[in-house]
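Accompanying notes for the structure given below.
Protein chains: 2
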Amino acid sequence: MENLNYLGKKIKEGGKMKVSVGISSRHLHVTKEHLEILFGKDFELEVERPINQIGQFASKSFVTLKSEKGIIEHVRILGPTRPYTQIEISKTDAYKLKIDPPVRMSGDVKGSQPITLIGPKGTLELKEGCIIADRHIHMLPKQALMYGFTDDEEVMVKVPGEKACIMDCVKIRVADNSYFEMHIDNDDANANLIKNGDLLTIIKKDFTSK
Amino acid sequence: MENLNYLGKKIKEGGKMKVSVGISSRHLHVTKEHLEILFGKDFELEVERPINQIGQFASKSFVTLKSEKGIIEHVRILGPTRPYTQIEISKTDAYKLKIDPPVRMSGDVKGSQPITLIGPKGTLELKEGCIIADRHIHMLPKQALMYGFTDDEEVMVKVPGEKACIMDCVKIRVADNSYFEMHIDNDDANANLIKNGDLLTIIKKDFTSK
Numbered sequence: 002m003e004n005l006n007y008l009g010k011k012i013k014e015g016g017k018m019k020v021s022v023g024i025s026s027r028h029l030h031v032t033k034e035h036l037e038i039l040f041g042k043d044f045e046l047e048v049e050r051p052i053n054q055i056g057q058f059a060s061k062s063f064v065t066l067k068s069e070k071g072i073i074e075h076v077r078i079l080g081p082t083r084p085y086t087q088i089e090i091s092k093t094d095a096y097k098l099k100i101d102p103p104v105r106m107s108g109d110v111k112g113s114q115p116i117t118l119i120g121p122k123g124t125l126e127l128k129e130g131c132i133i134a135d136r137h138i139h140m141l142p143k144q145a146l147m148y149g150f151t152d153d154e155e156v157m158v159k160v161p162g163e164k165a166c167i168m169d170c171v172k173i174r175v176a177d178n179s180y181f182e183m184h185i186d187n188d189d190a191n192a193n194l195i196k197n198g199d200l201l202t203i204i205k206k207d208f209t210s211k
Numbered sequence: 002m003e004n005l006n007y008l009g010k011k012i013k014e015g016g017k018m019k020v021s022v023g024i025s026s027r028h029l030h031v032t033k034e035h036l037e038i039l040f041g042k043d044f045e046l047e048v049e050r051p052i053n054q055i056g057q058f059a060s061k062s063f064v065t066l067k068s069e070k071g072i073i074e075h076v077r078i079l080g081p082t083r084p085y086t087q088i089e090i091s092k093t094d095a096y097k098l099k100i101d102p103p104v105r106m107s108g109d110v111k112g113s114q115p116i117t118l119i120g121p122k123g124t125l126e127l128k129e130g131c132i133i134a135d136r137h138i139h140m141l142p143k144q145a146l147m148y149g150f151t152d153d154e155e156v157m158v159k160v161p162g163e164k165a166c167i168m169d170c171v172k173i174r175v176a177d178n179s180y181f182e183m184h185i186d187n188d189d190a191n192a193n194l195i196k197n198g199d200l201l202t203i204i205k206k207d208f209t210s211k
């Protein structure tokens, strides 16, 4: 396998393992059923633009998030529809809404924060679904094999610059149809002055030489 | 010297050096001259509440920050007046204002971001003064001596939790009238799930055993 990621950037450089960053603004994923409640029967998401993860896209549809004490308008739905509805916000957003969603990996919504979604055709009072998405790195099975990572493994990631840091507890997610990329939210990006496409260094915590 | 900080929390615990956190929301410091332009002749700042650094206080006065492309209202002035005017915002605020202030230590405003301040009695178009305040730890000279730190030294700070990290390039600031406390902005707090008063561990980078 070539030593480049999908953007043509070097994954390994000077013996270091690099990953490019994708910053996730607040967004949501919805089930087909929930989409129809919010937007009307037989409504379908239209592609505004594809995102880096294969087959997924930023749609042209937006909803309003509402808690008991706050509101955030114009939150984009990512498509296609999923088997679960999940709202991903930052801690900064959570303070605005005066709610306390748990930090979770995508798909793990059981018992997460209740929230209300308001669409042009209907409102949905969800008993769970709102999370702060944990930092993670997407990777193909062949990449995991080649570079010695396993699904769910935790790594550290080194961020250079004026507000340099080493992020800990960053999860590796191995799956088909994934692009090698690290996902962080706006809080992580802004705190550490990270921009979309920045190359960060992965530090393997359980490194064993062969 | 006793092994407690001013809040009565242990500084050293199990051999580790701990520092409590104070989260700085966006705020500004002003000169007496600028205060009078914004609020009128002979205006004086009133104390809303004291802050942890000795002699300083959250005042009852607010201004609006204005850039060419954005506005943030209700930004608090900290008192007393200073020899320089300095506006401290987060990167998240900077995106809102569509400006790019430098990361600086307090007081180092030369050549920093221009910004406009709007008060009830006047407007001030500043050619410089807006910064993103760098993470730092305040310390008394006797504490620096006792624990082996020097002014301007860079340390690392370990943050525990679900979004654990190690912050690098955190500056030690040694001065009279300071309280032993680490200052971070809302972005750092929110990204790493840090709350006011949390105790973090200092890692000395240039450690030499005696």
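Chains as they are written, first to last, in my numbering: chain A, 2 to 211; chain B, 2 to 211. Beta carbons: idealized from backbone N, C-alpha and C, even for Gly.
Label residue i either buried or exposed according to how many other C-beta atoms from any shown protein chain fall within 10 Å of its C-beta, with 16 as the threshold for buried.
i, result
"residue 80 of chain A", "buried"
"residue 187 of chain A", "buried"
"residue 108 of chain B", "exposed"
"residue 152 of chain A", "exposed"
"residue 45 of chain A", "exposed"
"residue 136 of chain B", "buried"
"residue 124 of chain B", "exposed"
"residue 50 of chain A", "exposed"
"residue 146 of chain A", "exposed"
"residue 197 of chain B", "exposed"
"residue 48 of chain B", "exposed"
"residue 92 of chain A", "buried"
"residue 111 of chain A", "exposed"
"residue 8 of chain B", "Confidence is the limiting factor: at residue 8 of chain B the pLDDT is only 46, short of 50, which leaves the residue's position unreliable, though a coordinate-based value still follows. Exposed."
"residue 61 of chain B", "exposed"
"residue 19 of chain A", "buried"
Which chain A residues are close to residue i, counting only those with a beta carbon under 8 Å from its beta carbon?
i, result
"residue 194 of chain B", "92, 104"
Just how far apart, CA to CA, sit residue i and residue j?
i, j, result
"residue 139 of chain B", "residue 89 of chain B", "17 Å"
"residue 39 of chain A", "residue 179 of chain A", "29 Å"
"residue 103 of chain B", "residue 59 of chain B", "24 Å"
"residue 176 of chain A", "residue 142 of chain A", "6 Å"
"residue 173 of chain A", "residue 31 of chain B", "47 Å"
"residue 193 of chain B", "residue 43 of chain B", "43 Å"
"residue 2 of chain A", "residue 183 of chain A", "Model confidence at residue 2 of chain A stands at a pLDDT of 43, short of 50, so the residue's coordinates are unreliable and nothing is read from them."
"residue 212 of chain A", "residue 169 of chain B", "The displayed coordinates of chain A run from 2 to 211. Any statement about residue 212 of chain A would go beyond what the structure contains."
"residue 78 of chain A", "residue 64 of chain A", "7 Å"
"residue 100 of chain A", "residue 150 of chain B", "40 Å"
"residue 29 of chain A", "residue 73 of chain B", "27 Å"
"residue 201 of chain A", "residue 159 of chain A", "6 Å"
"residue 17 of chain B", "residue 165 of chain B", "17 Å"
"residue 119 of chain B", "residue 87 of chain B", "14 Å"
"residue 129 of chain A", "residue 105 of chain A", "12 Å"
"residue 171 of chain A", "residue 55 of chain B", "39 Å"
"residue 121 of chain A", "residue 117 of chain B", "39 Å"
"residue 156 of chain B", "residue 191 of chain A", "21 Å"
"residue 95 of chain A", "residue 207 of chain B", "38 Å"
"residue 163 of chain B", "residue 34 of chain B", "46 Å"
Would you say residue i faces chain A, with C-beta separation under 8 Å as the test?
i, result
"residue 169 of chain B", "yes"
Should residue i be flagged as near chain B, meaning a C-beta pair shorter than 8 Å?
i, result
"residue 166 of chain A", "yes"
"residue 211 of chain A", "In this predicted model, residue 211 of chain A has a pLDDT of only 47, less than 50, meaning its place in the structure is not dependable enough to derive any value."
"residue 3 of chain A", "Reliability of the predicted coordinates at residue 3 of chain A is poor, the pLDDT of 47 falling under 50, and the value obtained from them is presented with this limitation in mind. Residue 3 of chain A does not count as touching chain B."
Taking Cβ-Cβ distances shorter than 7 Å, what residues in chain A pair up with residue i?
i, result
"residue 188 of chain B", "188, 191, 192"
In chain B, what lies closer than 8 Å to residue i by C-beta?
i, result
"residue 163 of chain A", "104, 135, 170"
Secondary structure at residue i, three-state DSSP: helix, strand or coil?
i, result
"residue 34 of chain B", "helix"
"residue 144 of chain A", "helix"
"residue 134 of chain B", "strand"
"residue 1 of chain A", "Here chain A has residues from 2 to 211 only, and residue 1 of chain A is not among them."
"residue 169 of chain A", "strand"
"residue 176 of chain A", "coil"
"residue 70 of chain A", "coil"
"residue 94 of chain A", "helix"
"residue 186 of chain A", "strand"
"residue 2 of chain B", "Below a pLDDT of 50, predicted positions are generally treated as unreliable, and residue 2 of chain B, at 43, falls in that range; no measurement from the model is reported."
Checking contacts by CB at 8 Å: is residue i closer than that to chain C?
i, result
"residue 176 of chain A", "Going by chain labels, chain C is absent from the structure shown, which instead holds the protein chains A and B."
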